[in-house]
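Written below as structure tokens is the structure these notes are about.
Protein chains: 6
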Amino acid sequence: MRRGLFVGRFQPPHYGHFHALKWIVEKGGVDEVVVVIGSAQESHTLRNPFTAGERFEMLLRGLRETLGSSQGFIIAPVPDIAMNFVWTRYLEMLLPSFDVVFTRNPLVARLFEEYGYEVRMQPAFDREVYSATRIREMMLRGDARWRELVPSSVAEYIESIGGVERLRRLAGGD
Amino acid sequence: MRRGLFVGRFQPPHYGHFHALKWIVEKGGVDEVVVVIGSAQESHTLRNPFTAGERFEMLLRGLRETLGSSQGFIIAPVPDIAMNFVWTRYLEMLLPSFDVVFTRNPLVARLFEEYGYEVRMQPAFDREVYSATRIREMMLRGDARWRELVPSSVAEYIESIGGVERLRRLAGGD
Amino acid sequence: MRRGLFVGRFQPPHYGHFHALKWIVEKGGVDEVVVVIGSAQESHTLRNPFTAGERFEMLLRGLRETLGSSQGFIIAPVPDIAMNFVWTRYLEMLLPSFDVVFTRNPLVARLFEEYGYEVRMQPAFDREVYSATRIREMMLRGDARWRELVPSSVAEYIESIGGVERLRRLAGGD
Amino acid sequence: MRRGLFVGRFQPPHYGHFHALKWIVEKGGVDEVVVVIGSAQESHTLRNPFTAGERFEMLLRGLRETLGSSQGFIIAPVPDIAMNFVWTRYLEMLLPSFDVVFTRNPLVARLFEEYGYEVRMQPAFDREVYSATRIREMMLRGDARWRELVPSSVAEYIESIGGVERLRRLAGGD
Amino acid sequence: MRRGLFVGRFQPPHYGHFHALKWIVEKGGVDEVVVVIGSAQESHTLRNPFTAGERFEMLLRGLRETLGSSQGFIIAPVPDIAMNFVWTRYLEMLLPSFDVVFTRNPLVARLFEEYGYEVRMQPAFDREVYSATRIREMMLRGDARWRELVPSSVAEYIESIGGVERLRRLAGGD
Amino acid sequence: MRRGLFVGRFQPPHYGHFHALKWIVEKGGVDEVVVVIGSAQESHTLRNPFTAGERFEMLLRGLRETLGSSQGFIIAPVPDIAMNFVWTRYLEMLLPSFDVVFTRNPLVARLFEEYGYEVRMQPAFDREVYSATRIREMMLRGDARWRELVPSSVAEYIESIGGVERLRRLAGGD
């Protein structure tokens, strides 16, 4: 049994994330993936509109829609710890063991390399298109095409919790 | 889709826990169970010898052994927050939504009742026999029959990480 | 304008507290009293059953009943800080300025003396009778005479929130 | 008895705040107002120059000057909690109960609406003129007319603690 | 350059500590010793009467008295982190690098062994006699012979800060 | 015995710092200097690339190189506390006593002045040249002349831990 680690903020999870997760289980040489919902304490800001629980729901639904099942994925919300050097060990404390870290984030890569882990970079999937920042901007300016960037079950969930309205309200609009 | 919540420290998870989880999915009227590994920051003490990550592993293995699969169970490590009144909402922040709380713990029951949740008590499964406190005591005094109180995959995992030795060492022995 | 400081946990506030506060405003040589609800993060335990907000309500009601008004009292909930040496300055940070500390608690007295404050001891008012510990014990064993130890508005408030039931439930009873 | 909640940072409290508080007690349909001094841990920065204790003093003095008394106002310093979703419940933990929230802040409004509270917007009182940001800027550039934007008792208090000098010093001047 | 690590609470530092430190530099095969003042946030309790700063002073004076100099010792106050598993890495984050850990504490030994460090046990120096617990008990019951258990410079420092009086006051005496 | 306090982030320590420390011991009228490594929890960011432990090493080496010895300097890593007003007392809690504060930082100066300490300003040593910000910028853009701004033992240490590579990696380069 070999496990990979994948860390994201998922504000919100989009096709870029799901493509990456699919690639990791199919081509990353691992049997399971531990998916960390980072900055789990954050929500209701322009940069982090959704709670960790909401992001957890979106990941479960998105995995089921895009991969048929969430099996093989272990999802865990992880609040930030304000000490980068210690963060890798804090993850080890909280999570089932993992063997390799998949990331394109320079900080995550560096921290795990210095800590002695194998770090691999999954391919990028149209990062200019599939970007959580871009999705939040589209939501803010009322561009409904953000729905095309996430699985439809994720879009429906976001609507069911009034997610777009929340974001716009936080921006001072409406 | 209806979800139950089940909270434990799982130091370590034993047949009492797995019986309870089996009962909840079979007779508790829920489709999925969110299993919280509480006091996730604790480890390496006589009362909390195992890390949350180790307990996460044990739960995954024990569920697979006793129920055939960990499907239908969403496991999440949750560090303590030093404010009982706020703890229920903190769980809501971190976890996928749940509808009913299963517990025999008076504090957990009271907190969720006051917060407005339905709280149900799963049946007790031989609590004098299946008790994490009792297991830790057996480990400490060298009574190997603790292995009979946990699924064999959990016992093997504990041995693979030197869990009994750790506990005895912390007690000042060896 | 001269102010006194009075710190308590108020679990719950009782005649001993209200006598002390009356003495301080009448004979303590101060115009106002800053009343700190200490350990404000604690609730729902046998030692700290009530939230800071509930204790705040009880203080307001008890002062109005016993002294006719809460005027002259400035009440503030203060969460613990896990550094005794720093706690005095933390209180200065949070509270309007005060000139003298009234306390019978050795730790509070010592900390403020070392920090340079005048510390005075108000008289004890039947401490064997008027004691929050004793009130909680009476509540736990079903002795209704605890009501005689607190102002009736406080007793009524405790009943309105199911306070006795909460305490007994936390003890594992009922 | 019906209570309103009003949250501010009060860096410093000015006529805009006092007008709002006056409107709330006179026309907001409440008997008392719980006034939260937010970000109570902050001080000595350009954005948050004053301690919570200093802001507490200013509120007491300003209420007495502008409304004749601080009666009917319950003031409480509240340190930030780094979890927006949990913040509403944290306030419930610390404060006497309240029924309606008065705010013009989009985040505060959204958080309390999602939590189930009635949220009302008090009228704006010349927000371009009465603004704490503007007052701090005037202080920084040596424009003494900031005094006209706060009750004179507040201005005097700020001078008595060297508040303007503090702000300018922090900006690297003098 | 080879460094050892030595962790203590030093409440207060006594001949047992100084003997151990002497042994480590003379026979422990290291050039320097990093001395951690643990539980640095604690003070003014019966178990932890002295601040980290006071303990720092005592260590400096005691080393100069017993070893002629504090050279070769790097002393650092370290507040607790409430996660045992992470604590070793937290120390690595804060301290100059070290190669070997000297301890007789089972928890410290186990944590560093699991983290991959060499752990050695310095000889015990009359632990029934030289014990901080015993010193605090002697102070509490007025037995002046505690002075014989610490270097005289440490005893003088404790007296200069009213340390014995503090301890007795905290115990409710005097 | 008279001690000075000097606080810095030392990201990294450079000749400006060592000149200042030299001036303080030679002309500042103190026998020893307590050197605080501030923001000790920070590392692996563009603004704070080095851990407190690494900065501790650099200070020790740099002092030995530039002043011949680290004697007379007491170095302590101090994690931030998110309360400016309380920070001075927090330092008193952690550190050996000091008599005078040497700083050119307006916040540090103001906080200690308000707390009652003597604050002195050491001379500036070519601040446009010797600046940690400038050193980090040179590292980022591959300008090897940053080595001229720090003692050679510090430059060697930074290279031995791959410090420049770390910084560039964090910036997303390489």
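Protein chains in written order, with our numbering: chain A, 1 to 174; chain W, 175 to 348; chain Y, 349 to 522; chain S, 523 to 696; chain P, 697 to 870; chain U, 871 to 1044. Note that beta-carbon positions come from the ideal geometry of N, C-alpha and C, so glycine has one too. Note that the coordinates shown come from a computational prediction; the quantities given were computed from them, not determined experimentally.
Residue burial is scored here from C-beta neighbours: T829(P) has fewer than 16 other C-beta atoms within 10 angstroms and is therefore classed as exposed. Between V260(W) and R611(S), the C-beta spacing is below 8 Å.
In this structure, the alpha-carbon of V850(P) lies about 12 Å from that of F746(P). S765(P) sits away from R699(P), with the two beta carbons spaced by 8 Å or more. Counting along the chain, E587(S) sits inside the alpha helix (DSSP H) bounded by residues A574 to L589.
From the beta-carbon of R980(U), the residues of chain S found nearer than 8 Å are H566, R688, R691 and L692. Annotation for A820(P): R800 place their beta carbon closer than 7 Å to its own, counting only its chain and skipping 5 residues before and after.
Note that the region 334 to 346 of chain W touches the region 805 to 825 of chain P; at least 3 beta-carbon pairs, one per stretch, sit closer than 8 Å. Put simply, the CB of G923(U) is near chain P, with a gap under 8 Å to one of its CB atoms. In this structure, the straight-line span from the alpha carbon of E753(P) to that of Q389(Y) is close to 34 Å.
The alpha helix (DSSP H) runs of length 4 or more contained entirely in the region 823 to 870 of chain P are, from start to end of the chain, 828 to 836, 848 to 856 and 859 to 866. Counting C-beta atoms within 10 angstroms of its own C-beta, V208(W) has 16 or more neighbours from the protein chains shown and is therefore classed as buried.
Interface residue (Cβ-Cβ distance to chain U less than 8 Å): F85(A) is classified as such. Nearest CB-CB separation between L411(Y) and chain S: not below the 8 Å threshold. Within the model, the alpha-carbon separation for E302(W) versus P425(Y) is close to 42 Å.
Residue pairing from DSSP places V101(A) in a beta bridge opposite L5(A) and V119(A).
In chain order, L791 and P792 make up the part of chain P whose C-beta sits under 7 Å from the C-beta of F926(U). In terms of Cβ geometry, L717(P) and F702(P) form a close pair [threshold 8 Å]. Residues of the same chain with a CB within less than 7 Å of the CB of S387(Y), apart from the 5 flanking positions on each side, are R357, N396 and D428 in chain order. Membership of V382(Y) in the beta strand (DSSP E) is indicated by the continuous run E380 to I385.
Residue-level contact by beta carbon holds for P280(W) and chain Y, with a gap shorter than 8 Å. In the three-state scheme derived from DSSP, where H, G and I count as helix and E and B as strand, I24(A) is classed as helix. Of the residues I483(Y), H365(Y), S500(Y) and D491(Y), the one whose Cα lies closest to the Cα of L394(Y) is I483(Y). Taking a C-beta distance under 8 Å as the contact criterion, M257(W) and M605(S) do not qualify as a contact pair.
Close CB contacts of M661(S) within its chain, under the 6 Å cut and outside five residues either way in sequence, are with W668, V686 and L689 (chain order). For G420(Y), same chain residues with a beta-carbon under 8 Å away, outside a window of 5 residues either side, are V373, D379, E380 and V381 in chain order. Interface with chain U (8 Å Cβ-Cβ cutoff): E788(P) is included.
About 19 Å separates the CB atoms of G162(A) and L269(W); that is not less than 8 Å, and the two are not in contact. In the assembly as shown, G236(W) is a buried residue. Its beta-carbon has 16 or more other beta-carbons within 10 Å. Taking the Cα positions, Y813(P) is about 34 Å away from S305(W). For L67(A), the closest alpha carbon among the candidates F18(A), A109(A) and D99(A) is that of F18(A).
If you draw a 10 Å sphere on the C-beta of G898(U), you find 16 or more other C-beta atoms in it, and that means buried. In this structure A492(Y) is exposed. Its beta-carbon is surrounded by fewer than 16 other beta-carbon atoms within 10 angstroms.
Just so you know, the alpha carbons of E681(S) and S674(S) end up roughly 10 Å apart. P534(S) sits away from R586(S), with the two beta carbons spaced by 8 Å or more. By the neighbour-count criterion, in which 16 or more other beta carbons inside 10 Å mark a residue as buried, G16(A) falls on the buried side.
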